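In order, the protein sequence lines correspond to chains A and B.
With this note's numbering, the residue at position 120 of the first sequence is 120, and numbering never jumps.
With this note's numbering, the residue at position 257 of the second sequence is 1257, and numbering never jumps.
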Amino acid sequence: MRESGDALVLLLAGGIGSRLNLLVEHRAKPAVPFGGLYRIIDFSLSNVMNSGLTRVGVLTQYKPLSLMAHIGDGAAWDFTGRTRGIKILPPRTGKKDSDWYKGTADAIRQNIDFILANPSEQVVVLSGDHIYRMDFDAMLSYHQHKRADITIGMMVVPKCDIHQFGAGIIDNENRVVEWEEKPKVPRTNLASMGIYVFETKYLLETLARDRRENDFGMDIIPRAIREDRVYAYPFYGYWRDVGTIQSYWETNMDIIRENSGISPEEWEIRPNPEYGDRPMDRAPARFLAGCKVASSLISAGCVIEGTVINSVLSPGVRVKKGAVVTNAVIFDDGVVEERAAVDLAILDKRVQVGRGAVVGHGDNLTLANQQYPKHLYTGISLVGKEAIIPVGAQIGRNCIVQFGYSGDSFSGRNVLPDGQSA
Amino acid sequence: MILAGGRVDELGVLTHYRPKSAVPFGGFARVIDFPLSNLLHSGIERIAILSQYRSYSLINHIGTGAAWDMIGRNRGISILPPFKDYDNPHWYRGSADAVYQNLDYIQYYGPSVILILSGDHVYQMDYRRMIRYHHEHDADLTAAFIEVEPRAASRFGVAEIADDSEDGGRMLSYEEKPANPKGRWASLTVFCFRPAVLFEVLKKNQKGDSYEFGRDIIPMMMREQYKVHGYKFRGYWGYTRTIDEYWQTSMDLLGPDPKIDLEAWGIRTNLAHRNIADRQPVKIGPHGCLENSMAYNGCLIEGTVRNSILFPGVHVMAGAEINDSIIFFDNTVHAGVCLNRVVSDVNTVFNRDVRVGEPQCEKPSRVSVIGWNNSIPEGLHIGCGCRVAPRIAPEKWPKDKLEDGEELQ
């Protein structure tokens, strides 16, 4: 039962998340598949549901179709009913021809009508692209108890990582007394998780004050700390911003690893089982005689004849006889043909790896991708949606094979060297 | 109209708390999902389920009908339980009586044809073909049959069918469960009726004292020279009337090219029932091993599983071994356990070192079945062909062994 009243939730789901490269070519970051049958946003939506909150606005901007289809009517997270609901809030044309959201605060400002139409004491502002479990009801009670204007969810991170976050310095009452946005030289290890509780009245006032303040972390929060009551709500537990290919891959692997602290089912994370236009449900996964599967997550609808080790497979993946899949994340309906091998790779939906082909060939994990050296530098190769890897081809490390690729060979040879893109 | 009322005593402990049509089948579904999915794919969208025995599991499973796309302005599934009114003080007294009592439901919709199905079989069938046949031959009744060995036919309604065409022909004779069958076509309990005729024969049947389609209605229609046709079905037909049959039919789900192909058949179930949709993918531990098996989301496999079917939420701990078995939702199988030819109902715990069945038990009735919500004491040995009722109290378990074929109530 909810203790804290019915706060309104605004979920910021507009981020591009461009460091996820191919995975966000056709979808927003919150809609990226994760952990076999989830999408990243399922974690936030389930946390909202499990906290007993029932009214949600999802602010979208970038490639929202996949996200909108996934959310549907919100029934998967119990958001359908007379007084409950989930609404998609895209940018609208305003005074100018287009009013794209210019930042987190600007996005909220452009939806003040939604806030007014859903009266509440508090507004919870979340981001839709993190993997974690959190009880917002407890955070709201804490916020009320502190009589705060703003409460910020914060956690301790290694000092070397603090430059990616908003960082806060607190007093012994947990009141935030100083703020640094993405500081180069860390003075604290307390990082903002991008989770805010606002007094609704305060939020409306502060957004009205200066229309040039477009971002919470850059503008609104620093001023509020100087002038108003801002508290930190400490969070202890598993939390990941799966914003890079490396962290995305590691976080998937954490689900397999013993005692890593992440467990979607125990956390009561609800996926939205996607039917698409499939007229049938996914049948149980089938493991045929002679297959070998260890330390892996295998979703319904998979058929395993070959070997799968240390990998996460979404629904409907087929691993044929003699094929070997290791350290890989394979999205829905991928096919790894006979004697093919996939190692240290992420395959988007419906990729076909031809007979005897290798994705992730060789031992040189350190030669970064030439085109995107900041995205791929740890050995992980990416294969875009619906790409077809030719029979017998060899894809190296840190490679990118684009969406829909179906060439017979790579510039005449059947080899894509380390760090190259096709 | 789906006949889903029966309990069927042979399935014993699996039907203590649910009708047979709600018995789990296929690693995530229920038996009734087969006819429901067939109806969905046949485009038949107005459905009633006649249910009498312990309906809750079935009602819960059907939900709104949305899982089979049966929710909409002109679509729907209604569950019709028995009721009392001015002139009807009794339960459904048989399949024909159940339909008779709900004639007002049928008349309200005024259909051009009425399809009556059993909710108890595992098969894929496009009912449109049969209905087309029924119309083409302007039949009063078309009943579906499958060819069986004459000596295996005694348990069914058996017909002789004229060889009019590949699809079927006039029914020449019909016998209900005959000792020495004349025909070789066994009834599938799939009937296609001309509405006016159905109303007529059900009314006449009320004067008698037995109310079954197979035993009473078809023989009466044959006697009275109605136009009755047999439709020859040539696909797979799985029975689940006894535990051994249930086990055998389940085994047809396995192998590289299974006789029952859930994907190709387009089977749908209610993913909200027992929270199937909320389960994470099957998690296989570093030493888990699966061979020729099926497992649905929510399973955790750290032990060895061969030739078996695991429903959502089965935990197989390291050092446990499961062979040739069907394990329903949310069982826990601890270390040192060895299961052979077991059907285990939901929420049962096999504590450490429990053994059930023998790897090579060749006795005729060799499948052991364990009722739901049992906690089988550490080290207990249960033989082949045993039956354990649901929720056995801790003090009722035998000291160290339940002998082959024994029942524990």
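Glycine included, each C-beta is placed from N, C-alpha and C at the ideal position.
As the structure is a prediction and not an experimental result, all values here were calculated from the model.
Rounded to the nearest angstrom, what separates residue i and residue j at their Cα positions?
i                          : j                          : result
glycine 1110 of chain B    : threonine 80 of chain A    : 34 Å
tryptophan 1396 of chain B : isoleucine 1322 of chain B : It should be noted that the sequence gives lysine, not tryptophan, for residue 1396 of chain B. One C-alpha to the other measures close to 25 Å.
aspartate 1058 of chain B  : leucine 1380 of chain B    : The question names aspartate, but residue 1058 of chain B in the sequence shown is leucine. Going by the C-alpha atoms only, they are around 33 Å apart.
glycine 1063 of chain B    : glutamate 227 of chain A   : 54 Å
isoleucine 1116 of chain B : glycine 237 of chain A     : 56 Å
methionine 1001 of chain B : glycine 1183 of chain B    : 27 Å
leucine 207 of chain A     : glutamate 213 of chain A   : 8 Å
asparagine 174 of chain A  : aspartate 149 of chain A   : 13 Å
isoleucine 86 of chain A   : glycine 74 of chain A      : 6 Å
glycine 1303 of chain B    : valine 1354 of chain B     : 14 Å
asparagine 1431 of chain B : aspartate 1330 of chain B  : Because chain B here runs from 1001 to 1409, residue 1431 of chain B falls outside it and cannot be looked at.
alanine 1096 of chain B    : valine 353 of chain A      : 56 Å
lysine 1177 of chain B     : histidine 1134 of chain B  : 25 Å
valine 462 of chain A      : arginine 355 of chain A    : Residue 462 of chain A cannot be examined here, being either before or after the span of chain A that is shown, 1 to 422.
aspartate 333 of chain A   : proline 315 of chain A     : 6 Å
alanine 1318 of chain B    : proline 284 of chain A     : 22 Å
arginine 1129 of chain B   : threonine 1142 of chain B  : 12 Å
proline 1294 of chain B    : alanine 300 of chain A     : Contrary to the premise, residue 1294 of chain B reads as methionine rather than proline in this sequence. Each residue's alpha carbon lies about 9 Å from the other.
methionine 476 of chain A  : alanine 105 of chain A     : Here chain A comprises residues numbered 1 to 422, so residue 476 of chain A is not present and cannot be evaluated.
isoleucine 170 of chain A  : isoleucine 162 of chain A  : 15 Å
leucine 1103 of chain B    : isoleucine 1114 of chain B : 11 Å
tyrosine 248 of chain A    : methionine 155 of chain A  : 19 Å
arginine 1234 of chain B   : isoleucine 1146 of chain B : 6 Å
Let me see if you follow: with CB-CB separation under 8 Å, is residue i close to chain B or not?
i                         : result
proline 234 of chain A    : no
methionine 154 of chain A : no
serine 260 of chain A     : no
proline 33 of chain A     : no
glutamate 434 of chain A  : What the structure shows of chain A is the stretch from 1 to 422, and residue 434 of chain A is not part of that stretch, so it cannot be assessed.
glycine 36 of chain A     : yes
serine 299 of chain A     : yes
leucine 288 of chain A    : yes
glutamate 265 of chain A  : yes
aspartate 149 of chain A  : no
asparagine 279 of chain A : Reading off the sequence shown, one finds proline at residue 279 of chain A, where the question assumed asparagine. For proline 279 of chain A, the answer is yes, since a Cβ of chain B falls inside 8 Å of its Cβ.
arginine 240 of chain A   : no
Between residue i and chain A, is there a C-beta pair that is closer than 8 Å?
i                             : result
phenylalanine 1028 of chain B : yes
threonine 1269 of chain B     : yes
glutamine 1280 of chain B     : yes
alanine 1196 of chain B       : no
tyrosine 1296 of chain B      : yes
leucine 1172 of chain B       : no
Looking at the secondary structure, which residues open and close the beta strand (DSSP E) in which residue i lies?
i                            : result
leucine 1290 of chain B      : 1289-1291
arginine 1170 of chain B     : 1168-1176
lysine 146 of chain A        : Element bounds for lysine 146 of chain A: not the beta strand (DSSP E) but the alpha helix (DSSP H), 136-146.
phenylalanine 287 of chain A : 285-287
serine 296 of chain A        : 296-298
alanine 1066 of chain B      : It is not in any beta strand (DSSP E) - alanine 1066 of chain B carries neither H nor E in the DSSP assignment.
What residue range does the alpha helix (DSSP H) around residue i cover?
i                          : result
alanine 208 of chain A     : 200-209
lysine 1203 of chain B     : 1195-1205
alanine 1143 of chain B    : No alpha helix (DSSP H) holds alanine 1143 of chain B; the beta strand (DSSP E) holding it covers 1141-1147.
valine 47 of chain A       : In the sequence under discussion, the amino acid at residue 47 of chain A is asparagine, which differs from the valine named in the question. That run of the alpha helix (DSSP H) goes 40-50.
leucine 1115 of chain B    : Unbroken run through leucine 1115 of chain B is the beta strand (DSSP E), 1114-1118; no alpha helix (DSSP H).
isoleucine 1062 of chain B : 1056-1062
State the beta-bridge partners of residue i as determined by DSSP.
i                          : result
leucine 347 of chain A     : A:Ile330, A:Val383
asparagine 1088 of chain B : B:Asp1085
Which chain E residues sit within Cβ distance under 9 Å of residue i?
i                      : result
alanine 294 of chain A : Here chain E cannot be found, since the structure's protein chains are A and B.
For residue i, which of helix, strand or coil comes out of DSSP?
i                          : result
aspartate 73 of chain A    : coil
arginine 1128 of chain B   : helix
aspartate 241 of chain A   : strand
isoleucine 1326 of chain B : strand
leucine 1408 of chain B    : strand
glutamine 1280 of chain B  : coil
alanine 1022 of chain B    : helix
lysine 63 of chain A       : coil
glutamate 1136 of chain B  : helix
valine 1349 of chain B     : strand
cysteine 160 of chain A    : helix
tryptophan 1265 of chain B : helix
valine 401 of chain A      : strand
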